[in-house]
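In what follows, a single structure is set out as structure tokens and then discussed.
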DNA sequence: GGCGCCAACGTAAACGTTTTCATGAAACCT
DNA sequence: AGGTTTCATGAAAACGTTTACGTTGGCGCC
């Protein structure tokens, strides 16, 4: 019995090879390697060394054919950019690894048809799905979601139509920021630069603005300038606001990119921020803290969204949870310089809290 | 024969069900649905409607058990942050979709053991692998890479040890930038803020600096301050450089985050950039263009790296390519304000080129 | 009209696991 | 001692495909 590496056949070793090598049946090998007991310590040992010698690795296809489990979850994401995407994946991936699950990613498709195809392609490859997509609605899911694949939706308008959904508290975040501008920072009125009307996040943020205005500045008329989440549209909205008279005391942009454009418009006009006009955004993109003045904004814990979505899905897979609950993840108001709060510049600017421990 | 949706059984339909429904054998169903011919047009039709009626979707596990193909490729990535990660995945994903391949992602593991586990977990689940990881070296691959899984390495020091590798031209990019600082911008000497010595990118960038200095400023002594890619270390390096006398005319930071910290140090000291001292970075992170003054840097096309890595892998899978070639992707020098080129401020600042068409 | 050929189709064997069930031996209890 | 329980083990049936190989039948050709 030579024990050289040379004796290892070139073909992939199967469970039968291990069984022959260890002089037991395939059943025993399966039991031993899966640690289900029912096998003597010494035979277990013999099987272990045989498996190691042959470099045996179970075939996942065969295994999941009979088990009906793939230990893989699919993530269906839209065409996302930058920080948001990577943080989301990071949150999901970390949680998945902790549970021994693999992650099948399908991102960067735009269009309903594209999303539907991606979904079908995952059939039978995954035990469950995580979906974040602007194109999924009830009908879409009904039509394309395979019968019995547990699914949790992220940031979806579908509240409790029998789906498990996990939302970001866009409304609450916007509300809190506008409240801060009106009360703590003491600005008399706040204008909104809104996002595209078709966007769910945009709608919710506008709702938060309206509610906060109704509560804390009920006599002040609403002042909404339409944008579309791009920096360019923020710039234009900023100029439109400058043309207003009287000019609002503060501006809440529905996302940071628009706030950025707006800030340029203000600077260009020679206004001081926040002394002449205050500004706040939403998202807390990495750039926000590096602007001068640094941008007050609303921070959402994206990795946390991914993590808890996966936890929820895992719970569904284990049957520990009902598939119909709906939760919301909180946001945090981040006060920096542009919003002109009373505590402005109380502490010296400290830019040294790098977001990225590693690089490249 | 009722044709209602109600007749669709609750269990998942198999090929046998379709066969029974269409009154043919399973073999014919397989042939028909895979479009291999050997079936009449009318039977093909009958099978098609039967399959649609039963919502039949082939079981991937069973299919790949016999086919030995998963149509999935695995991506093994380190604990990456932000733009780099998302762009890389985007490039890979787009190319994969175009080829009908699925993407199994395993990111955010740090440590050799972790990476090895991730690799083993992909056994039999993927047809090939894309690997970008600081912890893989020849030994690691030898020990953990399954026998016959085609693999392409990204950004790896392993040049042509029989592996297919795709590199970023860190050296060339650094060389070009330092050359620009020395010649076009006309600075007499350039100091380097280097990255961690253990990092491959860091080493290559330093090499580029050394070569450019040797070529264009051979009489000037090298001036290298050690950093570790963090903003904090850049800040400290900046202060160290300020303490030098004579002070260098220009500084090349081995990545943008360090350039950022360095810029703060200069501003803090009351220096004007680039008039008093010039600065350049590497990576072209999104923040770079928004700084004031905006940061000159070296841009690498990350999505392109991902895309061509996958193309290469796909070629390997189809047997169209040899598995041992080694390629390098170019970088682009991006001239902005901080490097004090002669064309400085020639054109008005135009910040409206948003990177992200969509948001959230 | 018999012969062979080809296209359409069916039968059955793989693929590599897990799992149920049967079998025998050993240990335990009265 | 005899019966009963436990326990390690093996044989074999699944799981849902693809595919090599037969088996038809029809058709053209001599």
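Chains as they are written, first to last, in the numbering used here: chain Z, -12 to 347; chain H, -12 to 347.
Idealized CB from N, CA, C, for every residue including glycine.
None of these values were measured; they are calculated from a predicted model.
Quick one, which residues of the stretch 104 to 122 of chain Z are near chain H if we go by CB-CB under 8 Å, in chain order? 105, 107, 108, 109, 110, 111, 112
task = Over the uninterrupted beta strand (DSSP E) stretch that includes residue 59 (chain H), give me the two end residues.
result = Along the second chain, one-based indexing puts residue 59 (chain H) at 72. Its beta strand (DSSP E) spans residues 59 to 63.
Please state the DSSP three-state secondary structure of residue 245 (chain Z).
Walking along the first chain from the start, residue 245 (chain Z) turns up at place 258. Residue state, collapsed to three classes: helix.
Practice problem: With a threshold of 16 other CB atoms inside 10 Å of the CB of residue 22 (chain H), please say whether the residue is buried or exposed. | Solution: The residue you call residue 22 (chain H) lines up with position 35 of the second chain. Per the 10 Å Cβ criterion, exposed.
*asked:* I need the straight-line Cα distance from residue 170 (chain Z) to residue 319 (chain Z), nearest angstrom please.
replied: Locating residue 170 (chain Z) in the first chain gives position 183, where the first residue counts as 1. Locating residue 319 (chain Z) in the first chain gives position 332, where the first residue counts as 1. The alpha-carbon atoms of residue 170 (chain Z) and residue 319 (chain Z) are separated by roughly 17 Å.
**Asked** Counting pairs of Cβ atoms below 8 Å between the stretch 113 to 124 of chain H and the stretch 137 to 153 of chain H, do you hit three or more?
**Response** yes
Tell me whether residue 324 (chain Z) is buried or exposed, calling it buried when 16 or more other Cβ atoms sit within 10 Å of its Cβ. Within the first chain, residue 324 (chain Z) is the residue found at index 337, counting from 1. The residue is buried, with at least 16 neighbouring Cβ atoms inside 10 Å.
For residue 242 (chain H), which of H:222, H:264, H:206 has the nearest alpha-carbon? Here residue 242 (chain H) is taken as the residue at index 255 of the second chain, counted from 1. Here the closest residue by C-alpha is H:222.
Backbone CA spacing between residue 105 (chain H) and residue 95 (chain Z) [nearest angstrom]: As a position in the second chain, residue 105 (chain H) is number 118, starting the count at 1. As a position in the first chain, residue 95 (chain Z) is number 108, starting the count at 1. Each residue's alpha carbon lies about 24 Å from the other.
Indicate the three-state DSSP secondary structure (helix, strand or coil) for residue 327 (chain Z) in the structure shown. Here residue 327 (chain Z) refers to the residue found at position 340 when the first chain is read from its first residue. Coil, per DSSP.
* To do: Say whether the stretch 262 to 279 of chain H touches the stretch 291 to 304 of chain H, bearing in mind that this needs 3 or more beta-carbon pairs closer than 8 Å, one atom from each stretch.
  => no
- [ ] Can you say whether residue 166 (chain Z) is buried or exposed, counting buried as having 16 or more other CB atoms within 10 angstroms of its CB?
- [x] By one-based count along the first chain, residue 166 (chain Z) stands at place 179. With 16 or more Cβ atoms within 10 Å of its Cβ, residue 166 (chain Z) is classed as buried.
- Query: Can you tell me whether DSSP reads residue 270 (chain H) as helix, strand or coil?
  - Reply: On the second chain, position 283 is the one that residue 270 (chain H) refers to. Residue 270 (chain H): strand per DSSP, three-state reduction.
Query raised in the report: Looking at the structure shown, is residue 115 (chain Z) part of a helix, part of a strand, or coil, going by DSSP?
Result: Counting from 1 along the first chain, the entry for residue 115 (chain Z) is found at position 128. Looking at residue 115 (chain Z) - three-state DSSP - the assignment turns out to be strand.
(message) So residue 239 (chain H) and residue 196 (chain H) are supposed to be a Cβ contact under 8 Å. How far apart are they, rounded?
(response) The residue you call residue 239 (chain H) lines up with position 252 of the second chain. The residue you call residue 196 (chain H) lines up with position 209 of the second chain. Contact holds; Cβ gap of about 6 Å.
inquiry  = Just to confirm the assignment: which complete beta strand (DSSP E) runs, minimum length 3, are found wholly within the stretch 20 to 80 of chain Z?
reply    = 59 to 63
Q. In three-state terms, what does DSSP make of residue 151 (chain H)?
A. As a first step, residue 151 (chain H) must be located in the second chain, where it is residue number 164. In the structure shown, residue 151 (chain H) sits in a strand (DSSP, three-state: E or B).
Worksheet item: At a Cβ threshold of 9 Å, is residue 307 (chain Z) touching chain H?
Response: For the purposes of this step, residue 307 (chain Z) is identified with residue 320 of the first chain, where counting begins at 1. False, the Cβ-Cβ gap to chain H never drops below 9 Å.
**Prompt:** When the Cβ atoms of the stretch 65 to 72 of chain Z are set against those of the stretch 42 to 57 of chain H, are three or more pairs found closer than 8 Å?
**Reply:** no
State the beta-bridge partners of residue 314 (chain H) as determined by DSSP.
Within the second chain, residue 314 (chain H) is the residue found at index 327, counting from 1. DSSP lists H:153 as partners of residue 314 (chain H).
(Q) I'd like to know whether the C-beta of residue 262 (chain H) is nearer than 9 Å to at least one C-beta of chain Z. (A) Taking the second chain and counting its residues from 1, the one referred to as residue 262 (chain H) is at position 275. Taking Cβ atoms only, chain Z never reaches closer than 9 Å to residue 262 (chain H), which makes this a no.
Exercise. Please confirm if residue 156 (chain Z) has its CB atom under 9 Å from at least one CB of chain H.
Key: Here residue 156 (chain Z) is taken as the residue at index 169 of the first chain, counted from 1. For residue 156 (chain Z), the answer is no, since every Cβ of chain H falls outside 9 Å of its Cβ.
_Check whether the stretch 294 to 314 of chain Z and the stretch 150 to 166 of chain Z are in contact - that is, three or more C-beta pairs closer than 8 Å._
yes
Q.
Under 7 Å, CB to CB, which of the residues in the stretch 28 to 49 of chain Z have a partner in chain H?
A. 44, 46, 47, 48, 49
Among Z:128, Z:120, Z:129, Z:180, which residue has its Cα nearest to the Cα of residue 142 (chain Z)? The residue given as residue 142 (chain Z) occupies position 155 in the first chain. It is Z:120.
Margin query: I'd like to check one pair, residue 182 (chain Z) with residue 193 (chain Z): are the Cβ atoms closer than 9 Å?
Written below: Position 206 of the first chain, counted from the start, is the residue given in the question as residue 193 (chain Z). Position 195 of the first chain, counted from the start, is the residue given in the question as residue 182 (chain Z). A contact, by the Cβ cut-off of 9 Å.
Q.
How far does the beta strand (DSSP E) with residue 178 (chain Z) in it extend, from its first residue to its last?
A. Translated into positions along the first chain, residue 178 (chain Z) becomes position 191. Segment 177 to 181, the beta strand (DSSP E) holding residue 178 (chain Z).
Next item on the list: List the endpoints of the continuous alpha helix (DSSP H) containing residue 5 (chain Z).
Entry: Within the first chain, the letter at position 18 stands for residue 5 (chain Z). Counting along the chain, the alpha helix (DSSP H) containing residue 5 (chain Z) begins and ends at 2 to 9.
Handout entry: Which of helix, strand or coil DSSP assigns to residue 322 (chain H)
Key = The residue given as residue 322 (chain H) occupies position 335 in the second chain. The answer is coil: DSSP assigns residue 322 (chain H) none of H, G, I, E or B.
Is any beta-carbon of chain H found at less than 9 Å from that of residue 76 (chain Z)? As a first step, residue 76 (chain Z) is located in the first chain; it is residue number 89 there, counting from the start. Closer than 9 Å: yes.
Q: Closer than 8 Å by C-beta to residue 255 (chain Z): which residues in its own chain qualify, once you throw out the five before and the five after it? Chain order, please.
A: Mapped onto the first chain, residue 255 (chain Z) falls at position 268. If we look at residue 255 (chain Z) and ignore the five residues flanking it on each side, it has no Cβ neighbours.
- Query: Is the Cβ of residue 135 (chain H) closer than 9 Å to any Cβ of chain Z?
  - Reply: Translated into positions along the second chain, residue 135 (chain H) becomes position 148. Yes, because at least one Cβ of chain Z sits closer than 9 Å to the Cβ of residue 135 (chain H).
task = Check whether the Cβ of residue 333 (chain Z) lies closer than 9 Å to any Cβ atom in chain H.
result = Here the question's residue 333 (chain Z) lines up with position 346 in the first chain. In this prediction, residue 333 (chain Z) scores a pLDDT of 39, lower than 50, which makes its location untrustworthy; the coordinate-derived value is nonetheless stated afterwards. It does not; no Cβ of chain H falls within 9 Å.
| field | First and last residue of the uninterrupted beta strand (DSSP E) at residue 212 (chain Z) | value | The residue given as residue 212 (chain Z) occupies position 225 in the first chain. Here the beta strand (DSSP E) through residue 212 (chain Z) covers 211 to 213.
Subject >> Under 9 Å between C-beta atoms of residue 287 (chain Z) and residue 305 (chain Z) >> reply: As a first step, residue 287 (chain Z) is located in the first chain; it is residue number 300 there, counting from the start. As a first step, residue 305 (chain Z) is located in the first chain; it is residue number 318 there, counting from the start. No. Outside cutoff.
Which whole-angstrom value describes the C-beta separation of residue 0 (chain Z) and residue 41 (chain Z), a residue pair presumed to lie in contact below a C-beta threshold of 8 Å?
-> Reading the first chain from its first residue, position 13 is the one you call residue 0 (chain Z). Reading the first chain from its first residue, position 54 is the one you call residue 41 (chain Z). Confirmed, about 4 Å.
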